[in-house]
Ligand SMILES: Nc1ncnc2c1ncn2[C@@H]1O[C@H](COP(=O)(O)OP(=O)(O)O)[C@@H](O)[C@H]1O
Ligand SMILES: [Mg+2]
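Chains as they are written, first to last, in the working numbering: chain H, 1 to 231; chain S, 1 to 822.
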């Protein structure tokens with residue numbers, strides 16, 4: 001599903017040039033659960049953003065679902081993102097001015113899903129995340145764990161092939177964090193492909209494969225036995 | 001989708017009440033100001049617009065070498081001759097002020113309740129006219145026969161308004177007006193009130209044939225406005241080119257005899273109000289420059305409001321970046337977001353426009369008062385043109401001002417948002433700076449402009465005029481008089497001068513503040529006519545200089561003479577020599593730098609049809625006979641011939657005004673029982689000349705105040721966002737130990753730089769414009785730095801106040817609160 005070859009990304013500020021990704025070659029198959037780990041500033045988010053088509057690499061090749069997307073423009077990337085990719089962020093990134101329902105509804109709106117169908121699907125997704133009763137509330141009225149569940153509902157509602165999560169438990173206590181990890185695992189078991197950036201060894205144990213990044217380079221890749229055996 | 005956007009927009013507005021309130025009130029005020037000002041300007045431009053085919057025949061004459069004066073009025077023979085000789089001229093009408101025909105007197109009539117009312121004819125706009133005038137100007141006759149309304153001598157028609165004023169509810173036709181208790185004139189018709197947007201200005205018309213003169217043959221009496229209408233399809237230019245031959249044929253003899261040249265021109269009637277500034281205009285023309293000025297103010301005010309909108313919207317970017325980023329992540333295309341932001345902008349503009357309509361309805365009365373005309377009425381709501389303007393403003397403003405923020409806001413790359421770095425890359429900050437500079441520049445220009453206009457007004461109203469304007473009370477000279485009038489006036493002067501509060505009294509044909517109507521030429525005795533210089537004169541008696549405290553710089557004042565026998569042309573076989581007093585400018589124009597040298601030199605001036613010889617007995621200092629817009633003119637005083645005075649000026653003790661007036665009134669009533677007693681104060685009368693400037697000044701003041709208020713609103717809004725952007729910096733500084741006072745100035749410092757920058761940009765422009773405007777006044781206040789520095793300081797103060805109110809809030813936040821979620 002994802003294949004990158006020698007992916008590089010550099011940021012140029014006035015004085016310095018930072019090489020955030022250095023020749024990253026990564027292959028992710030469909031229905032894999034991959035955790036990306038590494039110290040702060042090693043390029044995890046940068047990688048995830050490129051893989052999630054939010055950003056574009058400086059050089060290298062990136063084939064997503066059979067398309068070479070490395071040179072895609074923003075609007076081409078938007079077209080692919082739409083419906084195919086779901087994002088979960090550390091800071092939830094819900095829109096304050098929209099209710100829980102409306103936040104989750106947003107992707108369907110842009111997919112031009114008819115209204116009645118939208119309603120059913122949103123309520124179903126919220127029910128699954130056990131926050132159906134909060135549909136009419138605004139994000140600030142919810143706890144962190146609840147907000148992240150809304151964000152996950154929003155990420156999964158278009159039934160994306162790929163879910164990208166950047167430290168999804170980073171702002172949560174362990175109980176809420178576990179709940180989120182369980183939800184992701186469920187999605188994985190239902191057939192989704194999941195890429196997750198995390199700091200936490202505990203969270204990484206949920207993944208199928210762990211990619212270790214250091215200074216923009218992949219240093220080790222390891223298959224998670226526990227996970228494999230669980231399968 | 002629209003419905004969805006509406007819902008989201010409304011929620012956004014409700015959550016950002018201050019933002020929304022500032023935006024909407026700014027827009028509403030800006031749009032209101034714009035609509036009112038443009039309304040006023042278009043009213044001024046609407047004068048006589050439907051009269052495409054009508055022209056006024058103007059007269060240009062020269063006396064000296066290069067002294068040309070163009071008059072709006074012409075000789076009475078011109079119109080009839082044109083109709084006879086030019087087949088393309090369809091109709092012709094002449095109209096002339098009765099005052100210029102020496103119609104003076106008391107008008108009396110029976111009122112509604114049978115009582116007799118008296119009034120001075122001078123107070124009416126009373127003209128002699130050809131009946132065709134009504135045709136040329138499409139003035140409907142409500143009563144009477146339009147074909148013959150002014151055909152016969154003493155036919156008289158009055159406006160509907162005047163009919164109502166004089167006769168109340170009685171049928172005016174057939175009623176009589178009495179002039180000087182011996183002439184009874186019957187009203188033969190009533191015409192519809194003149195529209196407000198015409199340069200014509202009359203309430204009563206009497207047939208021109210009432211004037212017992214052979215008008216068709218008179219080519220030396222330039223007091224008759226002459227209008228013609230052309231046959232359809234005529235090219236006015238080709239007619240105009242024939243005018244010079246026309247003048248030659250008819251006036252050659254007169255021109256040679258009197259040594260002057262004349263030219264005639266055709267002036268489209270629909271251009272008169274805006275472009276014509278000739279001598280003898282029937283009503284004051286608009287000042288085109290002022291109208292442009294008002295249009296600029298209108299654009300400025302609405303510009304400031306729209307800039308507010310842009311600035312506030314883009315300054316919201318911090319808060320909206322996340323929304324944009326997320327929407328894009330989940331699949332929003334840029335155009336959907338642009339569409340969303342445009343919707344918001346249109347909604348705000350819609351509410352702004354709606355509110356401004358309410359404001360306009362409320363402003364109708366005060367606005368009309370200010371404009372001095374019924375420009376606005378509720379009927380504007382019925383005019384499609386008005387709605388077109390409104391819809392244009394709504395769509396134009398909503399889309400234009402909405403587009404930029406929409407592009408900025410929708411332009412966020414989702415990546416920057418998700419990385420949480422967007423606070424470092426606030427979009428549109430430079431554009432916003434540029435816009436803020438523009439706003440400041442506009443505000444500065446308006447304040448400077450207002451300040452300069454007021455400074456000039458103050459200058460004009462306070463400069464030494466060269467005569468005493470205050471404490472001078474002016475009466476109409478009595479008109480219901482018999483052969484004893486001169487004696488009676490003498491008695492009147494003597495009697496009231498006994499009163500300790502009355503200093504002196506004088507009679508004169510004109511008074512300062514009233515343009516001198518007798519325009520002619522003067523030359524040294526023995527010189528050619530071509531060496532003449534222009535001259536205006538009036539007759540005053542021996543108390544004039546004393547009463548007006550006009551300084552005599554050489555020679556002496558008039559001594560008392562017998563007015564009744566004063567003016568024979570020939571005396572004992574020789575031409576009579578008239579004692580005259582000239583002003584210094586005239587002495588200089590005649591070649592005498594030292595006024596003493598011209599004393600008892602002889603001069604020649606024209607009075608009526610004849611040249612007369614004058615003996616310069618005195619030279620007075622130049623005084624401002626008219627507003628300071630005008631330079632000093634050549635003015636000459638002659639002693640009154642017989643009884644020709646129009647005014648009595650009485651110098652009174654400023655502390656005892658009422659007793660003085662009572663004494664004057666008693667005496668006047670006793671001596672001139674049939675004359676209405678009206679008086680006014682000369683200083684007020686004189687200052688009326690500044691009404692146009694006062695109006696302009698007031699409008700400037702009002703609308704620049706408004707503009708500044710709107711701009712301050714915007715600053716207030718932006719200030720709160722700048723504060724928000726800076727909140728982290730402020731917090732960190734506080735953690736590091738900065739005091740509240742130290743962090744307080746972080747935000748305003750930047751702003752002051754912007755203000756200075758805008759000053760650098762705009763001050764040269766204002767300087768240039770102001771210099772031009774001031775140069776339109778012969779006497780003007782000198783320009784100085786303060787005209788620009790004070791406005792700059794004022795803008796800074798206002799900006800600081802609106803910003804400080806916001807940054808104070810920021811500086812008191814708990815640093816932990818703003819640092820925590822980073
Ligand atoms: N927009 C940017 N501009 C400049 N440097 C950046 C930008 N984004 C990330 N970086 C740099 O790239 C490197 C990797 O960043 P990031 O991928 O966010 O690390 P991680 O998520 O692993 O903590 C860091 O050194 C960071 O400073
Ligand atoms: Mg990261």
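No residue lacks a Cβ here, since even glycine has one placed at the ideal position from N, Cα and C.
In the structure shown, what three-state DSSP assignment does residue 12 of chain S receive?
In this structure, DSSP gives residue 12 of chain S a helical state, which the three-state scheme calls helix.
Using the Cβ count rule (16 or more neighbours within 10 Å means buried), how would you classify residue 32 of chain S?
Residue 32 of chain S should be labelled buried.
Following a CB-centred definition, is residue 215 of chain H positioned closer than 7 Å to any heavy atom of ligand 2?
Between ligand 2 and residue 215 of chain H, a heavy atom-to-CB distance of less than 7 Å is absent.
If you measure between the beta carbons of residue 825 of chain S and residue 341 of chain S, is that distance less than 8 Å?
Since the first residue of chain S shown is 1 and the last is 822, residue 825 of chain S is not available in this structure.
List the residues of chain S whose Cβ lies closer than 9 Å to the Cβ of residue 75 of chain H, in chain order.
Taking a Cβ-Cβ threshold of 9 Å, the residues of chain S close to residue 75 of chain H are 333 and 334, in chain order.
Given 8 Å as the limit, is there contact between the region 129 to 141 of chain H and the region 45 to 52 of chain S, that is, 3 or more CB pairs closer than that?
By the criterion of at least three beta-carbon pairs nearer than 8 Å, the region 129 to 141 of chain H is not in contact with the region 45 to 52 of chain S.
Any idea which residues DSSP pairs residue 9 of chain H with across the strands?
Beta-bridge partners of residue 9 of chain H (DSSP): H/21.
Short CB-CB distance (under 8 Å) between residue 328 of chain S and chain H:
It does: the Cβ of residue 328 of chain S has a partner Cβ on chain H nearer than 8 Å.
Answer yes or no: the CB of residue 20 of chain H versus the heavy atoms of ligand 1, is any distance below 7 Å?
The answer is yes for residue 20 of chain H.
Whole-Å CB distance - residue 151 of chain S paired with residue 131 of chain S, under 8 Å assumed:
The pair is a contact, with the Cβ atoms about 6 Å apart (cut-off 8 Å).
Can you tell me whether residue 391 of chain S is buried or exposed? The criterion is at least 16 other CB atoms within 10 Å of its CB, across all chains shown.
Residue 391 of chain S should be labelled exposed.
Residue 166 of chain H Cβ short of 7 Å to ligand 2 heavy atom set:
Flag set: Cβ of residue 166 of chain H near ligand 2.
Chain-ordered residues of the region 9 to 41 of chain S with a beta carbon less than 7 Å from chain H
Along the region 9 to 41 of chain S, the positions whose C-beta sits under 7 Å from a C-beta of chain H are 11, 12 and 15, read in chain order.
For residue 176 of chain H, go through chain S and note every residue whose CB falls closer than 7 Å to its CB, in chain order.
Simply none; closest approach about 17 Å.
Beta strand (DSSP E) containing residue 602 of chain S: first to last residue?
Segment 602 to 607, the beta strand (DSSP E) holding residue 602 of chain S.
If we cut at 8 Å on Cβ distances, does residue 57 of chain H have a partner in chain S?
Not closer than 8 Å to any Cβ of chain S, the Cβ of residue 57 of chain H fails to qualify, so no.
The alpha helix (DSSP H) with residue 300 of chain S in it runs from where to where?
Element bounds for residue 300 of chain S: 288 to 315.
Buried or exposed (CB count within 10 angstroms, at least 16 for buried), residue 11 of chain H:
Looking at its Cβ environment, which holds fewer than 16 other Cβ atoms inside 10 Å, residue 11 of chain H is exposed.
How far does the beta strand (DSSP E) with residue 193 of chain H in it extend, from its first residue to its last?
Residues 193 to 197.
Locate the beta strand (DSSP E) running through residue 34 of chain H, then write down its first and last residues.
33 to 37 is the extent of the beta strand (DSSP E) around residue 34 of chain H.
Looking only at its chain, what residues have a beta carbon closer than 6 Å to the beta carbon of residue 38 of chain S, apart from the 5 residues adjacent to it on each side?
298, listed in sequence order.
Determine, using beta carbons only, whether residue 110 of chain H comes closer than 8 Å to chain S.
Yes, residue 110 of chain H lies at the interface with chain S (some Cβ there is under 8 Å from its Cβ).
Examine chain S for any beta-carbon lying closer than 8 Å to the beta-carbon of residue 81 of chain H, and answer yes or no.
Yes - at least one Cβ of chain S is within 8 Å of the one on residue 81 of chain H.
Any idea if residue 213 of chain H is buried or exposed, counting beta-carbon neighbours within 10 angstroms, 16 or more meaning buried?
It is buried - the Cβ of residue 213 of chain H has at least 16 other Cβ atoms within 10 Å.
Show which residues of chain S have a CB atom less than 9 Å away from the CB atom of residue 154 of chain H.
Close to residue 154 of chain H, with beta-carbon spacing below 9 Å, are these residues of chain S in chain order: 326 and 330.
Starting from residue 54 of chain H and walking both ways along the alpha helix (DSSP H), at which residues does that stretch end?
Looking at the DSSP string, residue 54 of chain H is not in any alpha helix (DSSP H), and its letter there is neither H nor E.
Across which residues does DSSP place residue 262 of chain S in a beta bridge pair?
For residue 262 of chain S, the beta-bridge partners assigned by DSSP are S/61.
Integer-rounded CB distance, given that residue 540 of chain S should sit under 8 Å from residue 508 of chain S:
The pair is a contact, with the Cβ atoms about 4 Å apart (cut-off 8 Å).
In angstroms, rounded to a whole number, what distance separates the CA positions of residue 236 of chain S and residue 82 of chain S?
Cα-Cα distance, rounded: 13 Å.
Give a yes or no on whether the minimum CB-CB distance between residue 323 of chain S and chain H is below 8 Å.
With a threshold of 8 Å between beta carbons, residue 323 of chain S makes contact with chain H.
Mind pulling the chain H residues with CB within less than 8 Å of residue 414 of chain S?
Ordered by position in chain H, the residues that pass the 8 Å Cβ test against residue 414 of chain S are 54.
Check whether the Cβ atoms of residue 452 of chain S and residue 649 of chain S sit closer than 8 Å, and answer yes or no.
With respect to residue 649 of chain S, residue 452 of chain S sits apart: the two C-beta atoms are not nearer than 8 Å.
Look at residue 456 of chain S and residue 781 of chain S and say whether their C-beta atoms are less than 8 Å apart.
The answer is yes: Cβ separation under 8 Å.
Can you find a CB in chain S that lies within less than 8 Å of the CB of residue 194 of chain H?
No - not a single Cβ of chain S is within 8 Å of the one on residue 194 of chain H.
Name the one or two DSSP bridge partners that residue 267 of chain S has.
In the DSSP output, where bridge partners are listed per residue, residue 267 of chain S has S/56.
Compare the Cα-Cα distances from residue 146 of chain H to each of H/176, H/120, H/170 and H/119 and report the closest residue.
Residue H/176 holds the alpha-carbon nearest to the alpha-carbon of residue 146 of chain H among H/176, H/120, H/170 and H/119.
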